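These notes are about the structure you will find just below.
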Amino acid sequence: MGSRIESRLAELGIVLPEPAVPVANYVPYVIEGSLAVLSGQLPFQDGKLLFSGKVGADVTMEHGQEAARRCFVNLLAQLRRAAGGDLDRVRRVIRLGGFIAAAPSFTHHASVMNGASDLAVAVFGEAGRHARVTVGVPSLPLDAPVEVEGMFALA
Amino acid sequence: MGSRIESRLAELGIVLPEPAVPVANYVPYVIEGSLAVLSGQLPFQDGKLLFSGKVGADVTMEHGQEAARRCFVNLLAQLRRAAGGDLDRVRRVIRLGGFIAAAPSFTHHASVMNGASDLAVAVFGEAGRHARVTVGVPSLPLDAPVEVEGMFALA
Amino acid sequence: MGSRIESRLAELGIVLPEPAVPVANYVPYVIEGSLAVLSGQLPFQDGKLLFSGKVGADVTMEHGQEAARRCFVNLLAQLRRAAGGDLDRVRRVIRLGGFIAAAPSFTHHASVMNGASDLAVAVFGEAGRHARVTVGVPSLPLDAPVEVEGMFALA
Chain U
414 MGSRIESRLA ELGIVLPEPA VPVANYVPYV IEGSLAVLSG QLPFQDGKLL FSGKVGADVT
474 MEHGQEAARR CFVNLLAQLR RAAGGDLDRV RRVIRLGGFI AAAPSFTHHA SVMNGASDLA
534 VAVFGEAGRH ARVTVGVPSL PLDAPVEVEG MFALA
Chain E
414 MGSRIESRLA ELGIVLPEPA VPVANYVPYV IEGSLAVLSG QLPFQDGKLL FSGKVGADVT
474 MEHGQEAARR CFVNLLAQLR RAAGGDLDRV RRVIRLGGFI AAAPSFTHHA SVMNGASDLA
534 VAVFGEAGRH ARVTVGVPSL PLDAPVEVEG MFALA
Chain D
414 MGSRIESRLA ELGIVLPEPA VPVANYVPYV IEGSLAVLSG QLPFQDGKLL FSGKVGADVT
474 MEHGQEAARR CFVNLLAQLR RAAGGDLDRV RRVIRLGGFI AAAPSFTHHA SVMNGASDLA
534 VAVFGEAGRH ARVTVGVPSL PLDAPVEVEG MFALA
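Chains as they are written, first to last, in our numbering: chain U, 414 to 568; chain E, 414 to 568; chain D, 414 to 568.
This is how it looks when you write it as structure tokens:
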């Protein structure tokens, strides 16, 4: 019997990348009890950022959402490793923290972050519905437009 | 015997609103073990933001504090639902995350956030004393001046 | 037999300060089960900020890293108290949240935050390797250049 979540990823046409290797003294995830705490992910794809700059200025809303979605794909890649290769062990998406690089006049943070939240629910169903916090920031590492961190419960 | 915390809210003249319904694929709270993780709340009252704009510019310090207090009222409304209607089950306010929309020159974030922290202690007493992080941000969803998220322990 | 971590601090030439007393209705840490959740720390030393202003503008990269390192020293001081005086009880650094005050054009947040992350590993070894989120912010309390919060597991 195949994995339920892997089948769902295939249906959605999502291929998880090799999880990025940390380039500093931190790690992509820490497991504590049933909690998996994941580091903030940037919208990397094939080794480079999908987009860079500020959402609403250099980066359109649509691309901002795509960037948020990509951050969640990268969280999934790390999460699979955290779960010993078995995403069916993910019991719940607990919390996503979304940081949107944007000007002071920007107000559509929630729509951008939906790129991540919608994918969480598409992949995990009801277990994908999470608490979240979404805020603007002036700048992110490497001029990324979006960064998303996550906390998950493992079975 | 009435609820201890509901009595305290009445003494403080606080009427909790109907908890806001999420407008996207996230939820107001997730319960994991004894932890209740709540989504970031904006200073909504009667369906609209109490204030909008940046604290120290469009919004005075006093109004910023009032906005932070209101965010905590909205956290309480969600928390009551998370606790099955019984706020007496709240064992501890663990952590509040405060995001203050402000200019680069702003330095009084802590005072603004005290609007939320003071109410936490007014409502829960010693159990309301929490860890917190308070930072400035350039912008928040819908041009809100303050957003506050929370983590709580339930009995 | 002396403390392993205290010996390590001595080797590193680090003297932990008296933990700062909170000046508002929040506390430096909350313990919930095996989790110690610590409030955001600023780079205070001997009662004043090591540096103030924005990293990459008023504050050099090197001083930004030093500020991040100092934030972690201050987390350690609080953590020692949280652990009843015994840092050997710290089982894991779970998560650090790093906020770097910087202009929209800044991109080197990760390097700045390494000041904290490198010290975590220098002090705790493998147990110091943590999940982290690092973002830019326009401003921090008291014009601090860096603020770092932490979550730790205690034995």
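Note that CB positions come from ideal geometry on N, CA and C, so glycine has one too. Keep in mind that this is a model prediction, so the values were computed, not measured.
Check	Outcome
CB contact check: I418 of chain E to chain D, cutoff 8 Å	no
Validate contact between the stretch 462-480 of chain U and the stretch 498-512 of chain U using beta carbons, cut 8 Å, 3 pairs	no
A423 of chain E, buried or exposed, once every other Cβ within 10 Å from all chains shown has been counted against 16	exposed
Local conformation of L418 of chain U per DSSP, three classes	It is Ile, not Leu, that sits at residue 418 of chain U in the sequence shown. Three-state result, I418 of chain U: helix.
Amino acids of chain U, ordered along the chain, whose beta-carbon sits closer than 8 Å to that of T473 of chain D	Going along chain U, no residue has its Cβ under 8 Å from T473 of chain D, so there is no contact; the nearest lies around 17 Å.
The stretch 428-447 of chain D touching the stretch 536-553 of chain U, judged by at least three CB pairs closer than 8 Å	no
Three-state secondary structure (DSSP) of L500 of chain U	helix
Nearest candidate by alpha-carbon position, reference S518 of chain E, set E:R421, E:A437, E:G469	E:G469
Local Cβ density within 10 Å of V428 of chain D, reported as buried at 16 or more and exposed below that	exposed
Residue-level contact to chain U via CB, F519 of chain D, 8 Å cutoff	yes
Buried versus exposed call for S420 of chain E [16 or more other C-beta atoms within 10 Å across all chains shown]	exposed
Coarse secondary structure for R508 of chain U, derived from DSSP in three states	strand
Residue span of the alpha helix (DSSP H) that contains V472 of chain D, given as start and end	Counting along the chain, V472 of chain D falls outside any alpha helix (DSSP H), and DSSP gives it neither H nor E.
Segment contact, 8 Å Cβ cut-off, at least three pairs: the stretch 522-534 of chain U with the stretch 482-497 of chain D	no
E539 of chain E to A535 of chain U span [Cα, whole Å]	41 Å
Residue interval of the beta strand (DSSP E) (run including L532 of chain E)	It is not in any beta strand (DSSP E) - L532 of chain E instead sits in the alpha helix (DSSP H) that spans 522-537.
Minimum Cβ-Cβ distance from V468 of chain D to chain U less than 8 Å	no
DSSP state of E560 of chain D mapped onto helix, strand, coil	strand
Cα-Cα separation, A449 of chain U to Y439 of chain E	19 Å
Chain U contacts from the stretch 534-553 of chain E (Cβ-Cβ distance under 7 Å)	V550, P551, S552, L553
Bridge-paired residues (DSSP) for L448 of chain D	D:E445, D:A566
Three-state class that DSSP yields for A514 of chain U in the structure shown	strand
C-beta contact flag for R505 of chain U and E445 of chain E at 8 Å	yes
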